[in-house]
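Below is one structure, written out as structure tokens, with a few remarks after it.
Numbering (the numbering used here), first residue to last: 2 to 231.
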């Protein structure tokens, strides 16, 4: 009964990708304080999401956010980068290929910085205590709009900064970093973060229950109907 009386307190207010990116772009105070880390709630890899959501990337491009870093699961684009080679200029349609829940592919152009096998080790604190990781063949693309995309061939959570270091990327040099998770990226990124902000992005792990279509739920049911009774 006490939980029901306090039910409104359980409905968190998480800002949209546009709101968070606008805030982060303005709030970043320089490399001494570190990057602002955004948690991509709707594409939480550890929660079973696709790892290739493009909702936040799309907004970052639209808002012309500079110094932006994120990973994307896209084995198709990795192979295109391998074929082109390090240093090549390339145009790709990245992400949004797994299903219809995580945005459409985004067209980007840029230069291939790094190619590597995607295997790395982290001897420091990590979520779950994992030490050995494998993102599969990986390509790093520096885009013409000053974004860096780390493209992986396997779905690999953002739970270790070694994922970036081993790819030749120094996360501390970026203004805004998108981590696909809610809790698991924190041990890796909290030590370098100016601030950590949750993003209410669409996707199968979103915190926004209105994103989904329900076919067999009962009525009235809170929080869908405020007038629901317990």
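Backbone N, C-alpha and C fix where the C-beta goes; we use that ideal spot for every residue, glycine too.
By the three-class DSSP mapping on this structure, what secondary structure does residue 199 have? As a first step, residue 199 is located in the chain shown; it is residue number 198 there, counting from the start. In the structure shown, the three-state DSSP call for residue 199 is strand.
Rounding to the nearest angstrom, what Cα-Cα distance links residue 158 and residue 127 in this structure? Here the question's residue 158 lines up with position 157 in the chain shown. Here the question's residue 127 lines up with position 126 in the chain shown. Each residue's Cα considered, the two are about 11 Å apart.
Mind checking whether residue 194 and residue 186 have CB atoms under 7 Å apart? Reading the chain shown from its first residue, position 193 is the one you call residue 194. Reading the chain shown from its first residue, position 185 is the one you call residue 186. Result no, Cβ atoms of residue 194 and residue 186 do not sit closer than 7 Å.
How far does the alpha helix (DSSP H) with residue 80 in it reach, from first residue to last? Residue 80 sits at position 79 when you count from the first residue of the chain shown. Counted as a single uninterrupted DSSP element, the alpha helix (DSSP H) harbouring residue 80 occupies residues 76 to 85.
Run through the DSSP bridge pairs and tell me what residue 88 is partnered with. Numbered from its first residue, the chain shown carries residue 88 at position 87. Looking at the DSSP assignment, residue 88 forms no beta bridge with any residue, so it has no partner.
Reduced DSSP category for residue 143 - H, G, I as helix; E, B as strand; rest coil: The residue given as residue 143 occupies position 142 in the chain shown. It is a strand residue.
Below 7 Å between beta carbons: does that hold for residue 94 and residue 108? The residue labelled residue 94 in the question sits at position 93 within the chain shown. The residue labelled residue 108 in the question sits at position 107 within the chain shown. The answer is yes: Cβ separation under 7 Å.
Taking its Cβ as the centre, do 16 or more other Cβ atoms sit within 10 Å of residue 136, making it buried, or is it exposed? For the purposes of this step, residue 136 is identified with residue 135 of the chain shown, where counting begins at 1. Answer is buried; the Cβ neighbour count reaches 16.
Which word fits residue 12, buried or exposed, when buried means at least 16 other C-beta atoms lie within 10 angstroms of its C-beta? As a working note, residue 12 is residue 11 in the chain shown. Label assigned to residue 12: exposed.
Whole-number beta carbon distance between residue 175 and residue 39, since they are thought to touch under 8 Å: Taking the first residue of the chain shown as 1, we reach residue 39 at position 38. Taking the first residue of the chain shown as 1, we reach residue 175 at position 174. Not quite, the Cβ-Cβ distance comes to about 11 Å (not below 8 Å), so this is no contact.
Closest by CA to residue 134, which one among 209, 3, 163 and 212? Here residue 134 refers to the residue found at position 133 when the chain shown is read from its first residue. The candidate whose alpha carbon is nearest that of residue 134 is 163.
Return the chain-ordered list of same chain residues with a C-beta closer than 6 Å to the C-beta of residue 189, the five sequence neighbours on each side being excluded. Your numbering for residue 189 matches position 188 in the chain shown. 160, 161 and 162.
Can you tell which of 153, 17 and 225 has its C-alpha closest to the C-alpha of residue 61? Your numbering for residue 61 matches position 60 in the chain shown. Checked all of 153, 17 and 225; the closest Cα to residue 61 is 17.
Beta-carbon proximity list for residue 26, same chain, < 6 Å, skipping 5 on both sides: Along the chain shown, read from residue 1 onward, the residue named residue 26 stands at position 25. Within the same chain, residue 26 has close Cβ partners 66.
Backbone secondary structure at residue 21 - three-state DSSP: As a first step, residue 21 must be located in the chain shown, where it is residue number 20. Here DSSP, grouped into helix, strand and coil, assigns residue 21 to helix.
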